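Visitor: This is the structure I want to talk about, given as structure tokens.
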Amino acid sequence: MENILIIGAGGQIGTELTYYLRNKYNAKNIIASDIRATLHSDLMEGGPFIRMDAMDSRQVYQVIQKEKIKQVYFLAAILSAVCEKNPEMAWDINMGCLNSVLRIANELKFKMFVPSSIGAFGNTTPKDKTPQLTIQRPNSIYGVTKVAGELLCDYYHEKYGVDVRGVRFPGIISNVVPPGGGTTDYAVDIFHKAIKYKKYTCYLKEDTYLDMMYMPDALKASVNLMEADYHTLHHHNSYNITAMSFTPKILADEIKKHIPEFTIDYEIDPLRQRIADSWPNSMDDTAARNDWNWSPDFSLEHMTNDMIQILTERFNRKGKDV
Ligand code: AKB
């Protein structure tokens with residue numbers, strides 16, 4: 050069994066990906082790393098954990114060499130709304146770390162997973178059934194780092210043969226770790242508020258369509274792509290993947306089927322609305338379906354049902370924090 054390193058294991062995707070990989074493989078081969086010294090206790094106790102600053106390329110090199118790492122899931126990144134407030138930090142983290150880990154991948158020869166996002170598209174991209182290959186002129190710094198990251202991964206693959214793979218994630222909905230400052234975060238927050246207070250104030254307009262996906266599908270996609278036969282991959286990086294596309298109103302109506310007294314109102318945040326308006330309504334994920342058999346398990350109805358059941362049980366047990 051190869052040793053696998055997760056960089057950014059304390060984040061929304063990193064936490065659950067670490068659990069998923071430790072369940073799927075031998076936990077002692079799955080090394081979680083994060084700049085934070087303390088994370089979820091399960092994460093730190095369920096297998097090896099290394100406190101590592103992804104910006105410190107020497108430390109990253111040493112860890113990868115010492116632990117004989119053969120696969121890296123690179124999840125150290127800042128999300129769209131936070132990026133916009135500090136573009137310089139966005140560039141340094143989203144691009145600087147990626148650049149140095151790709152360089153190390155070329156030298157020490159390991160396989161990488163690098164996620165991109167719907168944020169890699171912009172106002173001039175076709176909005177519906179957004180193709181795999183299309184116009185990418187994003188107007189947020191997050192989007193700029195995502196497109197540049199996609200191109201950099203392509204470059205390392207084509208020029209040096211680094212086996213770097215990735216998907217364009219839509220908004221990810223989960224019930225373990227909250228997302229940290231993205232444009233799509235409302236689709237997680239709404240569940241918590243619906244269960245606790247039976248009402249939610251949304252920062253996006255009621256008719257804003259965005260692609261979304263439930264966490265189990267995001268984990269499945271990441272690992273299936275990493276396990277796919279190299280020769281079937283026509284794109285390698287930046288595969289469009291999606292599971293559902295909805296607006297805040299559609300999601301609220303779905304939640305009302307479970308919590309009839311739930312109400313939603315709107316107080317628009319211009320920053321996040323501007324970003325959301327520039328992203329696709331729904332992506333075409335045919336290339337992922339054809340090349341590595343991608344298909345999601347969770348629809349809007351199925352995801353909503355699962356989220357409400359899990360969070361309600363947790364709320365009833367704990368009383369406050371869901
Ligand atoms: C964000 O909203 O910034 C992320 C993303 C879609 O990349 N969830």
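Just so we're aligned: the sequence shown equals residues 50 to 371 in the numbering used here. Ideal Cβ positions, reconstructed from N, Cα and C, are used throughout, including at glycine. Since the structure is predicted, the reported quantities are computational estimates derived from the model, not experimental observations.
What did DSSP end up calling GLY63 once you bin it into helix, strand or coil?
Guide: Locating residue 63 in the sequence shown gives position 14, counting from the first residue. In this structure, GLY63 counts as helix in the three-state DSSP scheme.
Visitor: Output the distance between the C-alpha atoms of GLU255 and LYS298, rounded to the nearest integer angstrom.
Guide: Residue 255 sits at position 206 when you count from the first residue of the sequence shown. Residue 298 sits at position 249 when you count from the first residue of the sequence shown. Cα to Cα, GLU255 sits roughly 5 Å from LYS298.
Visitor: Per DSSP, what kind of secondary structure is ARG321 in: helix, strand or coil?
Guide: Stepping through the sequence shown from its first residue, residue 321 is reached at position 272. In the structure shown, ARG321 sits in a helix (DSSP, three-state: H, G or I).
Visitor: Taking C-alpha atoms, which residue in THR291, TYR252 and ASP83 lies nearest to VAL216?
Guide: Sequence index remark: in the sequence shown, residue 216 carries index 167 (1-based). For the residues THR291, TYR252 and ASP83, the minimum Cα distance to VAL216 belongs to THR291.
Visitor: Name the DSSP beta bridge partners of SER165, please?
Guide: As a first step, residue 165 must be located in the sequence shown, where it is residue number 116. ARG217.
Visitor: Check THR250 in the structure and name its three-state DSSP category.
Guide: The count along the sequence shown starts at 1 and reaches residue 250 at position 201. In the structure shown, THR250 sits in a strand (DSSP, three-state: E or B).
Visitor: Measuring alpha carbon to alpha carbon, tell me which of ALA197, ASP266 and GLU350 ends up nearest ALA169.
Guide: Position 120 of the sequence shown, counting from 1, holds the residue named residue 169. Ranking ALA197, ASP266 and GLU350 by Cα distance to ALA169 puts ALA197 first.
Visitor: For PHE311, does the three-state DSSP call read helix, strand or coil?
Guide: As a position in the sequence shown, residue 311 is number 262, starting the count at 1. Correct three-state label for PHE311: coil.
Visitor: I want to know whether the region 268-283 touches the region 224-241 - three or more CB-CB distances under 8 Å.
Guide: Too few Cβ pairs lie closer than 8 Å, so no.
Visitor: Tell me whether ASP102 sits in a helix, a strand or coil according to DSSP, three-state version.
Guide: On the sequence shown, position 53 is the one that residue 102 refers to. Coil, per DSSP.
Visitor: Less than 8 Å between C-beta atoms, sequence neighbours within five positions excluded: which residues of the same chain meet that for ARG100?
Guide: The residue labelled residue 100 in the question sits at position 51 within the sequence shown. If we look at ARG100 and ignore the five residues flanking it on each side, its Cβ neighbours are SER82, ASP83, ILE84, ARG85 and ALA86.
Visitor: So ASN143 and THR194 are in contact, right, with Cβ under 8 Å, and what is the actual spacing, rounded?
Guide: The count along the sequence shown starts at 1 and reaches residue 143 at position 94. The count along the sequence shown starts at 1 and reaches residue 194 at position 145. That belief holds up - the Cβ atoms of ASN143 and THR194 are roughly 4 Å apart, short of 8 Å.
Visitor: Given LEU349, which residues of its chain have a CB within under 7 Å of its CB, disregarding the five upstream and five downstream residues?
Guide: For the purposes of this step, residue 349 is taken as the residue at position 300 of the sequence shown. So the list reads MET293, PHE295 and GLU303, once near-sequence residues are dropped.
Visitor: Mapping DSSP to helix, strand and coil, what is ILE290?
Guide: Counting from one through the sequence shown, the residue named residue 290 turns up at place 241. Three-state DSSP puts ILE290 in coil, outside helix and strand.
Visitor: For the alpha helix (DSSP H) containing GLN358, name the first residue and the last one.
Guide: For the purposes of this step, residue 358 is identified with residue 309 of the sequence shown, where counting begins at 1. Note, GLN358: alpha helix (DSSP H), 349-367.
Visitor: Ligand 1 heavy atoms versus the CB of GLY192: any closer than 6 Å?
Guide: Against the sequence shown, residue 192 aligns to sequence position 143. No, the beta carbon of GLY192 sits no closer than 6 Å to any heavy atom of ligand 1.
Visitor: Taking only the alpha-carbon atoms, compute the straight-line gap between GLN358 and LYS306 and give it to the nearest angstrom.
Guide: Taking the sequence shown and counting its residues from 1, one reaches residue 358 at position 309. Taking the sequence shown and counting its residues from 1, one reaches residue 306 at position 257. The alpha-carbon atoms of GLN358 and LYS306 are separated by roughly 13 Å.
Visitor: Please tell me whether, using a cut-off of 6 Å, the distance from the CB of THR232 to the nearest non-hydrogen atom of ligand 1 is below it.
Guide: Mapped onto the sequence shown, residue 232 falls at position 183. Yes, since a heavy atom of ligand 1 falls inside the 6 Å radius drawn around the Cβ of THR232.
Visitor: Along the chain, where does the alpha helix (DSSP H) that runs through ALA337 open and close?
Guide: If you number the sequence shown from 1, residue 337 lands on position 288. 335-341 is the span of the alpha helix (DSSP H), which, as asked, contains ALA337.
Visitor: Let me know if THR257 comes out buried or exposed under the rule of 16 or more other beta-carbons within 10 Å of its beta-carbon.
Guide: Taking the first residue of the sequence shown as 1, we reach residue 257 at position 208. Flag for THR257 reads buried.
Visitor: Could you check how far apart the C-beta atoms of ALA337 and ILE62 are, in whole angstroms? I think they sit under 8 Å.
Guide: Sequence index remark: in the sequence shown, residue 337 carries index 288 (1-based). Sequence index remark: in the sequence shown, residue 62 carries index 13 (1-based). So it is not a contact: roughly 17 Å between Cβ atoms.
Visitor: Compute the minimum distance between the beta carbon of LEU268 and the heavy atoms of ligand 3, and state whether it is under 6 Å.
Guide: Absence of ligand 3 is noted for the structure shown, with ligand 1 being the only ligands found.
Visitor: Do you know offhand how far TYR191's Cα is from ALA139's?
Guide: Numbered from its first residue, the sequence shown carries residue 191 at position 142. Numbered from its first residue, the sequence shown carries residue 139 at position 90. So the two alpha carbons sit approximately 7 Å from each other.
Visitor: From the DSSP output, in three-state form, read off PHE170 for me.
Guide: Counted from its first residue, the sequence shown places residue 170 at position 121. PHE170: coil per DSSP, three-state reduction.
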